[in-house]
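Engineer: Supplied in structure tokens, the structure appears directly below.
Number of protein chains: 4
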Amino acid sequence: MAYQNAQLDEEKVFKDPVHSYVHVRDQVIWDLIGTREFQRLRRIKQLGTTFITFHGAEHSRFNHSLGVYEIIRRILENFTDRLQWNSEQRLLCLTAALLHDLGHGPYSHCFEKVFDLDHENFTKQIILGDTEVNQILTKVNPDFPKKVAEVINKTYHDKLIVSLISSQIDADRMDYLQRDAYYTGVSYGHFDMARILRVMRPLDDKIVIKSSGMHAVEDYIMSRYQMYWQVYFHPVSRSAEVLLSKILQRVKELHNDTYQFQKEPTHFYSFFTGEIKLEDYIKLDETIMMYYFQTWVDEKDSILSDLCYRFVNRKLFKYTNFHIKESMGDLFQLKQLFKQVGINPDYYLEVDSSSDLPYDFYRPGEEEERLPIYLQMENGELKELSEASEIVESISGKRRTDHKLYYPADRIKKLPDSQEKQQIKALLGMK
Amino acid sequence: MAYQNAQLDEEKVFKDPVHSYVHVRDQVIWDLIGTREFQRLRRIKQLGTTFITFHGAEHSRFNHSLGVYEIIRRILENFTDRLQWNSEQRLLCLTAALLHDLGHGPYSHCFEKVFDLDHENFTKQIILGDTEVNQILTKVNPDFPKKVAEVINKTYHDKLIVSLISSQIDADRMDYLQRDAYYTGVSYGHFDMARILRVMRPLDDKIVIKSSGMHAVEDYIMSRYQMYWQVYFHPVSRSAEVLLSKILQRVKELHNDTYQFQKEPTHFYSFFTGEIKLEDYIKLDETIMMYYFQTWVDEKDSILSDLCYRFVNRKLFKYTNFHIKESMGDLFQLKQLFKQVGINPDYYLEVDSSSDLPYDFYRPGEEEERLPIYLQMENGELKELSEASEIVESISGKRRTDHKLYYPADRIKKLPDSQEKQQIKALLGMK
Amino acid sequence: MAYQNAQLDEEKVFKDPVHSYVHVRDQVIWDLIGTREFQRLRRIKQLGTTFITFHGAEHSRFNHSLGVYEIIRRILENFTDRLQWNSEQRLLCLTAALLHDLGHGPYSHCFEKVFDLDHENFTKQIILGDTEVNQILTKVNPDFPKKVAEVINKTYHDKLIVSLISSQIDADRMDYLQRDAYYTGVSYGHFDMARILRVMRPLDDKIVIKSSGMHAVEDYIMSRYQMYWQVYFHPVSRSAEVLLSKILQRVKELHNDTYQFQKEPTHFYSFFTGEIKLEDYIKLDETIMMYYFQTWVDEKDSILSDLCYRFVNRKLFKYTNFHIKESMGDLFQLKQLFKQVGINPDYYLEVDSSSDLPYDFYRPGEEEERLPIYLQMENGELKELSEASEIVESISGKRRTDHKLYYPADRIKKLPDSQEKQQIKALLGMK
Amino acid sequence: MAYQNAQLDEEKVFKDPVHSYVHVRDQVIWDLIGTREFQRLRRIKQLGTTFITFHGAEHSRFNHSLGVYEIIRRILENFTDRLQWNSEQRLLCLTAALLHDLGHGPYSHCFEKVFDLDHENFTKQIILGDTEVNQILTKVNPDFPKKVAEVINKTYHDKLIVSLISSQIDADRMDYLQRDAYYTGVSYGHFDMARILRVMRPLDDKIVIKSSGMHAVEDYIMSRYQMYWQVYFHPVSRSAEVLLSKILQRVKELHNDTYQFQKEPTHFYSFFTGEIKLEDYIKLDETIMMYYFQTWVDEKDSILSDLCYRFVNRKLFKYTNFHIKESMGDLFQLKQLFKQVGINPDYYLEVDSSSDLPYDFYRPGEEEERLPIYLQMENGELKELSEASEIVESISGKRRTDHKLYYPADRIKKLPDSQEKQQIKALLGMK
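Protein chains in written order, with numbering that gives the first Met the number 0: chain U, 0 to 430; chain E, 0 to 430; chain W, 0 to 430; chain G, 0 to 430.
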């Protein structure tokens with residue numbers, strides 16, 4: 000109890016380019032930031048391979064996590080008049096905000112797909128397991144770690160707290176849109192967060208937005224839409240992700256084939272078996288992965304060596320648009336031709352798909368289900384956003400998907416002339 | 000010759016948060032950016048350990064190098080009317096700008112001190128050695144690599160080109176001040192670069208500034224001053240540098256003592272002997288170093304393990320002001336006391352000094368000698384900046400130095416009570 | 000011819016908060032800026048009564064006109080490789096850009112409605128009439144004024160030039176969205192103009208946008224949409240416009256009734272008769288109007304005096320939403336009640352409607368007809384924007400209208416209690 | 000008492016480009032903003048004639064006054080933990096901040112000089128006289144107007160309140176530096192106000208700055224220095240001020256000579272006699288002045304007509320540097336020559352001097368005396384800023400003065416050739 004309410008002698012601040020300053024008064028928050036599990040987030044990039052396309056995007060999840068915390072802190076400050084919360088509720092919100100991304104691995108998106116993992120599960124394990132974070136949370140009170148994990152996992156009984164942390168207009172999204180826009184330097188991603196915070200209201204078990212703030216919310220939704228297509232799904236970054244997947248796939252295969260590595264993938268062993276120890280997970284960050292990739296450039300296996308060389312030195316695959324329905328025949332033919340000219344299509348030909356739902360009012364069963372946005376009209380009535388906004392209505396629930404086919408153009412160009420080469424170039428639209 | 004003038008089919012641009020866009024039209028520049036030696040700069044942070052203090056400062060030297068190139072490109076665009084240059088001179092400038100930091104190693108400042116290296120020497124080696132960069136430069140013409148190296152080394156005969164790349168108001172400094180301010184988020188570091196570029200003039204073998212731009216230059220000098228003391232010399236970042244030095248020092252000592260490492264420092268071998276092969280140098284970037292540091296947390300040597308744990312997980316030494324003249328006696332006494340309580344002062348007690356000369360008109364023999372800034376008065380006459388500006392005059396040539404003593408406060412606190420502990424705490428001003 | 004090509008000895012620049020600098024090299028442009036007709040634009044606010052709501056919006060049409068010129072200048076600079084223009088075509092574009100708003104009167108929107116004028120007609124008159132502007136244009140060549148007027152009037156034969164000046168994504172709109180956002184301080188109005196300029200291409204008689212720039216254009220369209228509803232149609236600014244209209248209407252009526260003014264509206268005489276001399280038009284700017292309004296506060300006519308007091312000292316009418324179809328009966332009843340309590344409904348009750356079409360691909364016959372936006376796909380084919388963009392399609396051609404009823408709440412509150420007062424308050428939803 | 004504490008039902012906000020939002024909760028503040036005397040500030044430009052040079056600088060004193068209020072509001076919010084103030088003290092601060100510039104007249108600087116007035120005196124008169132502002136303040140309590148006037152006049156007994164409103168780092172200066180930089184678009188004028196507010200502390204009867212904030216304060220002092228020389232004292236704006244003075248001087252002279260005006264300067268009568276009625280002062284704003292200037296362009300007196308034409312249409316005098324000591328002989332000779340060629344030197348030749356003291360620790364008896372800045376060192380001790388900061392020390396107390404001689408170059412050029420003309424041109428350095 001004493002620890003739960005303990006305040007620092009003097010407020011600490013972090014200079015933050017996005018929110019100007021991040022303010023910390025609670026001893027618990029300060030201590031959590033100092034844990035090795037939280038410091039580890041400095042070695043995980045917020046945007047994975049995006050830095051390959053937007054060189055500014057080298058910022059880490061540490062940055063973002065502080066930002067989400069700060070937004071929640073400001074929201075709670077605005078809510079003080081309206082919310083009769085005890086200090087545990089407040090701390091629960093702040094803590095969940097700070098720790099919500101704790102379980103992210105290196106290049107999460109890709110890594111989770113190849114090894115069939117879920118970072119949310121690891122967030123939970125870090126909070127509940129034998130970690131510095133857990134020690135601190137337990138000191139607050141023995142139930143506290145469980146509560147924090149439940150809020151992040153959206154299963155906590157107090158839905159108001161859950162919706163502060165996870166909704167279609169939560170602190171997580173508001174931070175990353177602005178932060179990623181800032182670091183990439185794109186002109187999208189800006190919206191009037193100060194105004195949105197001013198028109199947010201807690202109402203029973205939800206966060207609602209005063210209807211006078213609708214346009215600011217529209218602007219936020221549009222920012223989100225633009226960031227997805229201009230930044231997050233950029234085809235060049237996806238090319239780097241394709242390489243990454245192929246490397247991990249190759250390493251796994253070689254390991255299963257008892258290939259003799261010069262540099263054994265010891266850090267990956269437990270991922271190959273699927274029985275991942277928490278400590279192994281925590282240890283594997285992006286600097287470790289880069290170490291392996293750089294070392295493997297010198298492996299004898301030419302596929303592994305080539306893929307690693309490409310990833311480390313940005314010799315990416317090229318891409319072409321791919322129409323998933325019409326072009327399956329071409330893809331089949333390309334695979335045959337690749338084999339004939341001695342290029343392994345399992346590693347050198349890949350269709351990557353990106354898909355986004357800019358806003359949805361109802362998505363039960365979706366993996367990334369988030370709560371809809373409600374406007375509170377002047378008469379007090381609630382309206383779901385897409386009912387009130389024509390613009391949002393127009394994009395609401397419309398999934399847009401983009402398919403690209405990735406291939407090693409440089410290698411194809413270097414092939415000796417042959418009919419197959421001509422066919423490959425024609426099918427890929429190469430000049 | 001053909002290659003020297005080759006233009007891309009379509010201009011390529013990089014989105015840059017500082018300069019909005021970086022524009023590339025020359026095939027040579029495009030090819031240089033694609034080399035492995037240039038891509039390596041993505042794995043070297045521009046500000047070394049500063050990210051420990053300013054979490055936003057995670058940007059790499061790759062970022063900065065593109066920025067310096069872009070500034071020079073704009074300057075040359077402004078100069079087209081005034082400068083009768085051939086295409087080689089132009090390309091020489093652009094190339095030297097792009098490659099000027101190529102030889103930086105991981106956490107350069109610290110690394111160079113411990114192993115007694117000079118990154119400028121490695122820049123030269125990369126340009127002249129057996130590298131992808133050298134192949135491209137040689138394709139321009141066989142003398143070209145040598146010329147580029149000379150420009151960067153400030154020994155090239157055409158002093159106008161040299162002064163574009165290295166002076167007290169060169170593209171290097173203009174980029175890093177703005178870029179580091181942007182990523183850290185501090186409010187210093189801003190000045191009107193557009194105006195400075197507009198008032199720059201080539202004059203014989205110098206770059207001069209039209210006197211009407213004096214205030215913009217004053218603002219730049221002040222920015223520089225503030226960035227040094229607020230960001231670059233921040234005592235917390237220096238604490239991380241102290242740890243880094245101590246780790247490298249310990250590894251070297253253990254290696255010399257034939258200590259049996261669990262993870263041998265193979266990447267460092269040639270640094271221990273001082274006979275550094277270029278390829279070894281290129282391979283050692285910050286991801287590799289972090290791999291070792293993380294692995295060494297599990298070494299048996301308790302000093303190495305502790306120092307690495309501290310660096311990786313940000314358990315830094317604390318600091319206190321240290322008056323180099325008056326306090327030497329105290330330092331001696333502290334070392335004795337440290338030994339008595341079982342803390343090795345060679346690794347756990349360090350005086351770090353930072354020192355800056357905000358502007359100087361004449362610094363012959365200085366390691367980082369840069370050319371003074373000349374204003375061109377309306378009558379055509381040249382005046383050295385500090386003669387014309389009272390503000391600059393007031394800080395010109397005044398070296399300011401700051402000494403701090405670093406120590407492990409956490410460890411001292413955990414010592415059992417003793418007279419020595421009390422004395423240590425008293426001498427360090429610990430509560 | 001000599002004058003047409005005359006360049007200033009040294010480029011002049013204007014420091015501009017939106018475009019950083021406005022650059023002038025042509026003597027003709029410099030001379031035009033110096034004319035009294037162009038300087039007059041300093042006394043016409045860009046956003047009329049908007050400053051009443053957004054106190055920052057005090058900027059003038061002078062600002063905006065320089066901005067439009069600067070954008071066109073940059074576009075032409077980008078086009079140099081693609082466009083084989085002679086110097087007259089270039090100057091025609093720049094001049095038309097600079098002068099396009101020359102005929103705006105004080106609080107144009109309102110003023111034109113009350114006196115049934117058209118500022119475009121006055122722009123033409125100023126360009127062709129006996130003015131300093133005309134003298135300069137005639138010096139270029141005798142046909143030049145006519146050509147400039149035709150470009151602004153969209154009747155010029157070279158449609159490429161016309162479309163640079165007037166289309167749905169022209170320099171005019173790009174400047175005012177950004178400028179008005181800057182001065183009001185709202186977070187809308189930002190889009191990546193640098194990118195849009197980079198992807199603009201002249202193609203036959205049109206300006207087209209490379210399809211890779213579609214998202215930047217979407218962002219621009221959204222900015223426009225938000226600015227209209229958040230800033231331009233703000234109900235409080237419209238309240239000030241209602242007052243303004245009522246003042247002008249009252250003055251006209253009093254004048255027709257041969258009312259004896261203490262301060263005769265001499266500057267307005269020719270507007271009352273409808274036979275407006277160009278010189279009278281030029282003389283009537285916002286400082287002159289404010290002089291009259293302030294003086295008329297002391298007129299005996301209580302309506303004129305009250306309306307002027309309200310406008311000068313910001314004692315505005317309140318407003319309520321008004322459903323044009325359902326509420327006409329209420330409006331009729333309110334008018335009756337107003338008369339019964341002694342308030343003249345002709346001056347104290349007004350329905351104001353705002354209406355916007357965010358983007359339209361085809362609006363023949365519209366007063367403000369502008370050309371649609373074409374994207375150039377990778378295969379060279381043109382696509383009208385709303386065909387390619389779902390978001391734009393969703394708002395394309397959808398007119399949105401907002402009706403508000405304005406009334407003097409303060410005066411109604413001060414009425415002695417009566418049944419009529421109660422009825423008025425009920426109908427207006429007053430508390 | 001009830002009124003003193005009355006809060007609005009819902010907080011009102013003004014969108015402000017500099018501080019993002021200005022927040023108002025107090026009924027008193029809201030009512031004061033609505034008064035005609037405060038609304039009048041919309042018709043007085045913050046920077047007088049500066050808009051002639053920097054076209055963006057069209058913002059009014061209304062803007063700035065809201066900004067100063069907002070800064071004080073934030074400071075008081077920060078102080079809540081440290082300051083045991085009653086509600087009157089708080090309101091006194093806010094009110095004084097809001098109203099501190101209430102007495103400014105049109106183009107104050109110039110106007111006050113010509114008519115020998117002092118705006119601070121009029122601020123006091125408006126607060127204490129028969130005005131809407133006074134009614135509101137009296138409603139707070141009958142002594143309140145007097146207290147507000149005393150705070151603004153720096154004679155109030157509570158020096159802490161005085162120093163919040165007037166010191167070398169007060170809210171007034173912090174607002175105008177940032178605001179004027181924003182509207183002009185210059186890159187100076189930025190400093191980290193958020194940080195300065197964070198390190199401000201009330202201490203007895205002063206505001207002190209924690210020493211850790213010294214660099215932010217240095218930055219502020221430098222901003223101030225740059226803004227003075229780059230913006231406030233810009234020689235082109237001063238040229239417009241010279242015209243303005245000459246117009247007022249001419250009108251006064253004509254009036255004294257019983258010249259028959261077409262448009263009598265009725266608004267100026269009481270200024271000519273020096274017995275200025277408050278109501279006359281309040282009525283004279285910049286729109287009224289511009290009305291007269293525009294009307295007087297048609298006066299028969301050729302000097303008045305010409306000066307007004309010049310001011311209205313920006314046909315300014317040119318300037319040359321003037322060395323006050325060495326050139327007095329030249330000035331005398333020029334005056335003679337002017338008379339000989341028929342140009343009245345009283346109206347067409349003027350030396351204007353600007354002079355600034357960037358920071359001073361002690362200026363007793365200065366007209367614009369402001370309190371020095373104190374740093375609070377870690378040991379609690381106070382240090383005056385220039386003792387702690389080398390940079391500030393270097394410019395502290397150093398008055399810098401600039402003299403320019405203004406003359407009508409256009410008119411001189413049009414003179415028929417003569418020896419006198421040649422002499423004039425030579426003396427003025429005209430080409």
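The C-beta atom is built at its ideal place from N, Cα and C for all residues, glycine as well. It should be emphasised that the depicted structure is a prediction, and the values quoted were computed from it without experimental measurement.
Contact between the stretch 281 to 300 of chain W and the stretch 375 to 384 of chain W: three or more CB pairs below 8 Å?
Structural biologist: Not touching, per the Cβ criterion.
Engineer: So, with DSSP's three-state summary, where would you put Phe13/W?
Structural biologist: Taking the first residue of the third sequence as position 1, residue 13/W is located at position 14. Here Phe13/W sits in strand by DSSP.
Engineer: How would you call Leu7/W, buried or exposed, if buried means at least 16 neighbouring beta carbons within 10 angstroms?
Structural biologist: For the purposes of this step, residue 7/W is taken as residue 8 along the third sequence, with counting starting at 1. Burial call: exposed.
Engineer: DSSP has His402/G in a bridge; who is on the other side?
Structural biologist: As a first step, residue 402/G must be located in the fourth sequence, where it is residue number 403. According to DSSP, which records beta bridges pairwise, His402/G is partnered with Ser352/G.
Engineer: Looking only at its own chain, which residues have a Cβ that is under 6 Å from the Cβ of Val235/U, when we skip the five neighbours before and after it?
Structural biologist: Translated into positions along the first sequence, residue 235/U becomes position 236. Same-chain partners within the cutoff: Thr52.
Engineer: My assumption, with CB atoms under 8 Å, is that Arg172/W sits in contact with His63/W. Please give the rounded CB distance.
Structural biologist: Position 173 of the third sequence, counted from the first residue, corresponds to residue 172/W. Position 64 of the third sequence, counted from the first residue, corresponds to residue 63/W. Going by Cβ atoms, the distance from Arg172/W to His63/W rounds to 11 Å, so no, they are not a contact pair.
Engineer: By Cβ distance, which residues of its chain are closer than 8 Å to Ile160/U, with the 5 residues on each side in sequence left out?
Structural biologist: Reading the first sequence from its first residue, position 161 is the one you call residue 160/U. Contacts found: Gln88, Leu91, Cys92, Ala95 and Val150.
Engineer: Thinking just about the alpha-carbon of each residue, which of Met376/W, Lys245/W and Thr265/W is nearest to the one in Leu315/W?
Structural biologist: As a first step, residue 315/W is located in the third sequence; it is residue number 316 there, counting from the start. Taking only the C-alpha atoms, the option nearest Leu315/W is Lys245/W.
Engineer: On the three-state DSSP scale, how would you describe Glu298/U?
Structural biologist: Counting from 1 along the first sequence, the entry for residue 298/U is found at position 299. Glu298/U falls in the coil class under three-state DSSP.
Engineer: Check whether chain U comes within 8 Å of Lys138/E, counting only Cβ atoms and requiring the distance to be less than that.
Structural biologist: Locating residue 138/E in the second sequence gives position 139, where the first residue counts as 1. Judged by the 8 Å Cβ criterion, Lys138/E is not in contact with chain U.
Engineer: Where do the N-terminal and C-terminal ends of the alpha helix (DSSP H) with Ser238/G fall, by residue?
Structural biologist: Translated into the one-based positions of the fourth sequence, residue 238/G becomes position 239. Start and end: Pro234 to Asn255.
Engineer: Could you tell me whether any Cβ in chain G is nearer than 8 Å to the Cβ of Tyr373/U?
Structural biologist: The residue you call residue 373/U lines up with position 374 of the first sequence. Output row for Tyr373/U: interface = no.
Engineer: Would you please verify whether the beta carbon of Glu10/W is less than 8 Å from any beta carbon of chain G?
Structural biologist: For this step, residue 10/W is matched to residue 11 along the third sequence. Not one chain G Cβ lies under 8 Å of Glu10/W.
Engineer: Can you name the residues of chain U whose CB is closer than 9 Å to the CB of Ala193/G?
Structural biologist: As a first step, residue 193/G must be located in the fourth sequence, where it is residue number 194. Within 9 Å Cβ-Cβ: Ser19 and Tyr20.
Engineer: Measuring straight from C-alpha to C-alpha, what distance separates His431/U and Glu217/U?
Structural biologist: Residue 431/U cannot be examined here, being either before or after the span of chain U that is shown, 0 to 430.
Engineer: Does the Cβ-Cβ distance between Ser210/G and Met376/G come in under 8 Å?
Structural biologist: Mapped onto the fourth sequence, residue 210/G falls at position 211. Mapped onto the fourth sequence, residue 376/G falls at position 377. Yes, they are a contact pair.
Engineer: What are the complete alpha helix (DSSP H) segments, minimum 4 residues, inside the stretch 166 to 230 of chain E?
Structural biologist: Listed in chain order, the complete alpha helix (DSSP H) runs (minimum 4 residues) inside the stretch 166 to 230 of chain E are 170 to 183, 192 to 198 and 213 to 226.
Engineer: Would you mind sorting Pro141/W into buried or exposed? The rule is 16 or more other CB atoms within 10 Å of its CB.
Structural biologist: By 1-based counting over the third sequence, the position of residue 141/W is 142. Counting Cβ neighbours within 10 Å, Pro141/W comes out exposed, since fewer than 16 surround it.
Engineer: Please specify which runs of the alpha helix (DSSP H), each continuous and at least 4 residues long, are wholly inside the stretch 18 to 58 of chain W, giving them in chain order.
Structural biologist: Fully enclosed alpha helix (DSSP H) runs of 4 or longer: 26 to 32 and 35 to 38.
Engineer: Between Thr122/E and Ile281/E, what straight-line distance do the alpha-carbon atoms span, to the nearest angstrom?
Structural biologist: Position 123 of the second sequence, counted from the first residue, corresponds to residue 122/E. Position 282 of the second sequence, counted from the first residue, corresponds to residue 281/E. Distance between the alpha carbons of Thr122/E and Ile281/E is about 10 Å.
Engineer: Report the three-state DSSP secondary structure of Phe383/G (helix, strand or coil).
Structural biologist: Numbered from its first residue, the fourth sequence carries residue 383/G at position 384. The displayed chain sequence assigns Glu, not Phe, to residue 383/G. Strand.
Engineer: To the nearest angstrom, how far is the alpha carbon of Gln339/E from that of Asp300/E?
Structural biologist: Residue numbering aside, residue 339/E sits at position 340 when the second sequence is read from its first letter. Residue numbering aside, residue 300/E sits at position 301 when the second sequence is read from its first letter. Their Cα atoms are separated by approximately 20 Å.
Engineer: When DSSP labels each residue in this structure, what does Lys158/U get in the three-state scheme?
Structural biologist: What you label residue 158/U is simply residue 159 of the first sequence in a count that begins at 1. Reduced to three states, the DSSP call for Lys158/U is helix.
Engineer: Whole angstroms is fine: what's the gap from Asp432/G's alpha carbon to Leu31/G's?
Structural biologist: Chain G is shown from 0 up to 430; residue 432/G falls before or after that span and cannot be answered.
Engineer: By the three-class DSSP mapping on this structure, what secondary structure does Tyr291/G have?
Structural biologist: Taking the fourth sequence and counting its residues from 1, one reaches residue 291/G at position 292. Helix at Tyr291/G.
Engineer: Should Trp295/G be flagged as near chain E, meaning a C-beta pair shorter than 8 Å?
Structural biologist: Translated into the one-based positions of the fourth sequence, residue 295/G becomes position 296. Not an interface residue.
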